[in-house]
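Structure record follows, encoded as structure tokens.
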Amino acid sequence: MKALIKILNELHPEVNFEAETALVDGGILDSLDIVTLITEINQEYDVSIPAQEITPENFNSVGAIMRLIKKIDEA
Amino acid sequence: MLFTSYEFLLFAGMLLVLYYTLPKKTQWMLLTLASYIFYDLSGPGYLIFILITTTSAYLTALFIDRNTETEVRFLEANRDKLTKDQRKKYREGQKKRRFFVLIAGLVVGFGLLAVMKYTAFAVTNINFVLHKFGAEGLNIPNILLPLGISFYTFQTMGYLIDVYRGTVRAERNPAKLALFVSFFPQLIQGPISRFGDLHGQLISGHDFDSKNLVRGLWRMLWGYFKKLVIADRILVAVNELIDKPAEYRGVYVVLLILFYSIQIYADFTGGIDITIGLAEALGIRLAENFNRPFSSKSTKEYWRRWHITMGTWFTDYVFYPLSVSRPMQRLSKFCRRKLGNSLGKRIPVYLASIITWFLTGLWHGAGWNFIVWGLLNCLVILVSQELQPLYDGFHKAAPRLTASRGYSAFMAARTFWLMGAIRILDCYRNVPLTFRMFGSIFTTPNWGELAGVATGALGLGIHDYVVVLSGCLLVWAVSRLNGKKDIRERLRGRPVASFAAFSLLFLSVVVFGAYGFGYDAKQFIYNQF
């Protein structure tokens, strides 16, 4: 989780990611941010997030992103 | 059949009556029949193309869906017999089969679009190269582009990808799929709907609800107001400015940026209002395509608010798959190793953006002006992205200024003019000419000629400008009010006020709409795409 927050903070240092639950719906992360984030996650967690998993529900909060990483890792 | 024709109003009126007299179970059949009649009346021979796209999509989706079912059944039946590796291998094999079928379906759909829309453009470019080498050129084919083919092809291909991804199931009834592809209110200019959002509504049937009917008619009338009172009136001046570039330079190009922005906004949002309104009257909710785009404070924000369904289509089905694809991720790793982390991680994302915007431009039309338009939008977005730390620094250094209304208004005005300036590529349809004309703003000191514009120099008199300006102010006020609470909801339960407002708007369309000598209700701009 710490590594993910570090990646997110590099994208948007002004956001409190631990508390935020509408990262996509609230317009904090746009499509460029999401793709940059996925590239970083793929590197950091050695997973490969497919395009069909890029939905607001999967990227709205740190918890949701961690759940997605876990799901893909276990598949 | 144009939305602005009397035939369309008669057609829509008759359909509404019939629709609500039929049992709910059979309403979808009427909609399918009506959609095919509408499309057939829109142009000769169009039906064959939509039938090819529908049939191909039907078969492709059915194969993918059945293959997925077979896979699940097989794995279930052999749960104890197969090792983990064998299961994985079997799954991968089936996925590969589905992928190839998907590609075949996409090739048919996009291939048909490409042949119809881009053949002449491709031949023109080939001829350009051939002439350079002194060779004779090929004959440029004269292909009539079926109306709305870009819209229904994208909607249908989105459906195929969704079936492949497993987010929706394939439709088993070809006539029901035909309705999703051809639903007539949105057939020729969108919005580009998603199967998961729309199909169930089309099939389920709807009880008559006076609230839906009234809301729908309101929305349609509002669309006609924008189209006939604003867009088609300012169109005369826009055409005059475009047709005589040698005459109208300098300040006239500034006027063109302004007038064309007004025209395309009123035209496109007006058409979408008619579409969404008619669907609403039928009890069907379509996706919104606009969200006050001219209030955007950046290009990125503008593209989240303008032609939303097209933007999200490209994001979901082109930009994301491209960005997270294996080759792009490999490129990312390579760039990081060779160029460092900061630059390395940008390159794949930016490359995917460039490809996506190139295709977005190409979707709009077969011409270099559209491609350059797309790439310029991309350039502005990427430069803004790079300058973001600078903006953030400025926001930190001057928090009161950047939080003020004046600064927001400045940002919105800047975005409006920037987007408008790029948009004139759509007007002149000639890249070098557009750049020359834009340059003339700074080299032709003719601001004094503005006075002549009001006295009819561009084919419009002072009364026309008053009508357009009043219309724009009304649109702005309504959009502000709608932002807080839908104006139709405000009028609910107030029959006198509602009736008076509806009558006044109707009268405005009748009295101030652009008809009669010198005018002709024009085709919607986005019908051509």
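Residue numbers (our numbering), protein chains in the order written: chain U, 19 to 93; chain H, 663 to 1191. Every residue, glycine too, gets a C-beta built ideally from N, C-alpha and C.
Could you tell me the boundaries of the alpha helix (DSSP H) in which residue i lies?
i: U/Asn60; result: Ser49 to Tyr63
i: H/Trp1019; result: Asn1003 to His1026
i: H/Leu849; result: Phe846 to Leu849
i: H/Asn901; result: Asp894 to Asp905
i: H/Asn1144; result: Ile1124 to Lys1146
i: H/Ser1066; result: Here H/Ser1066 belongs to no alpha helix (DSSP H), and DSSP marks it neither H nor E.
i: H/Pro1051; result: Trp1030 to Ala1059
i: H/Tyr826; result: Ile811 to Arg827
i: U/Ser66; result: Premise fails: U/Ser66 is in no alpha helix (DSSP H) and is neither H nor E.
i: U/Glu75; result: Pro74 to Phe77
i: H/Asp859; result: Phe857 to Ser866
i: H/Ser923; result: Val913 to Ala943
i: H/Lys888; result: Here H/Lys888 belongs to no alpha helix (DSSP H), and DSSP marks it neither H nor E.
i: U/Lys89; result: Val80 to Glu92
i: H/Met778; result: Lys746 to Lys794
i: H/Ile805; result: It is not in any alpha helix (DSSP H) - H/Ile805 carries neither H nor E in the DSSP assignment.
i: H/Pro1157; result: Pro1157 to Phe1174
i: U/Lys24; result: Lys20 to Leu29
Take the Cβ of residue i as the centre, count every other Cβ of all protein chains shown within 10 Å, and call the residue buried at 16 or more, exposed below.
i: H/Gln748; result: exposed
i: H/Met676; result: exposed
i: H/Gly1133; result: buried
i: H/Tyr701; result: buried
i: H/Asn951; result: buried
i: H/Pro907; result: buried
i: H/Met972; result: buried
i: H/Ile938; result: buried
i: H/Arg1150; result: buried
i: H/His1125; result: exposed
i: H/Gln851; result: buried
i: U/Glu58; result: buried
i: H/Tyr964; result: buried
i: H/Ala684; result: First, the residue type needs correcting, since residue 684 of chain H is Leu and not Ala in the sequence shown. So H/Leu684 ends up on the exposed side.
i: H/Pro808; result: buried
i: U/Asn78; result: buried
i: H/Asn804; result: exposed
i: H/Tyr720; result: buried
i: H/Tyr668; result: exposed
i: H/Ile765; result: exposed
i: H/Lys888; result: buried
i: H/Ala840; result: buried
i: U/Glu32; result: exposed
i: H/Ser1165; result: exposed
Alpha carbon to alpha carbon, how far is residue i from residue j?
i: H/Val785; j: H/Phe816; result: 24 Å
i: H/Ala723; j: H/Tyr826; result: 8 Å
i: H/Val1158; j: H/Phe673; result: 29 Å
i: H/Ser632; j: H/Leu903; result: Because chain H spans 663 through 1191 in this model, residue 632 of chain H falls outside it and cannot be assessed.
i: U/Leu50; j: H/Val1011; result: 7 Å
i: H/Gly1114; j: H/Val900; result: 16 Å
i: H/Ala1083; j: H/Phe1100; result: 8 Å
i: H/Arg1091; j: H/Tyr814; result: 25 Å
i: H/Ala893; j: U/Asn60; result: 48 Å
i: H/Leu849; j: H/Lys838; result: 15 Å
i: U/Gly45; j: H/Thr931; result: 23 Å
i: H/Phe1097; j: H/Tyr1053; result: 28 Å
i: H/Glu942; j: H/Val1137; result: 21 Å
i: U/Gly81; j: H/Phe725; result: 37 Å
i: H/Ile1103; j: H/Met663; result: 40 Å
i: H/Ile926; j: H/Leu1087; result: 13 Å
i: H/Leu800; j: H/Thr781; result: 12 Å
i: H/Lys746; j: H/Gln863; result: 41 Å
i: H/Ser872; j: H/Leu879; result: 10 Å
i: U/Leu86; j: H/Phe870; result: 43 Å
i: H/Trp1079; j: H/Tyr914; result: 14 Å
i: H/Val843; j: H/Leu875; result: 24 Å
i: H/Asn1003; j: H/Cys997; result: 8 Å
Quiz prompt | 4 or more residues per run - each alpha helix (DSSP H) lying fully within the segment 676-733 of chain H | solution = 686-704
Quiz item: With a cut-off of 8 Å, do at least 3 Cβ pairs link the segment 1020-1040 of chain H to the segment 912-923 of chain H?
Solution: no
Quiz item: Are at least three pairs of beta-carbons, each pair with one atom in the segment 1037-1056 of chain H and one in the segment 875-887 of chain H, less than 8 Å apart?
Solution: no
Quiz item: Are there three or more Cβ pairs, one per stretch, closer than 8 Å when the segment 855-862 of chain H is compared with the segment 815-832 of chain H?
Solution: yes
Quiz item: Is there contact between the segment 62-81 of chain U and the segment 1002-1016 of chain H, where contact requires at least three CB pairs shorter than 8 Å?
Solution: no
Quiz item: Enumerated in chain order, which unbroken segments of the alpha helix (DSSP H) with a length of 4 residues or greater are wholly contained in the segment 952-1010 of chain H?
Solution: 961-967, 970-976, 982-985 and 988-1001
Exercise. Take every Cβ of the segment 786-796 of chain H, pair it with every Cβ of the segment 682-697 of chain H, and state whether three or more of those distances are shorter than 8 Å.
Key: no
Quiz item: Does the segment 953-961 of chain H touch the segment 1066-1078 of chain H, meaning 3 or more C-beta pairs lie closer than 8 Å?
Solution: yes
Exercise. Kindly provide the ranges of any alpha helix (DSSP H) runs that are 4 or more residues long and lie completely inside the segment 1073-1129 of chain H, ordered along the chain.
Key: 1087-1090 and 1093-1105
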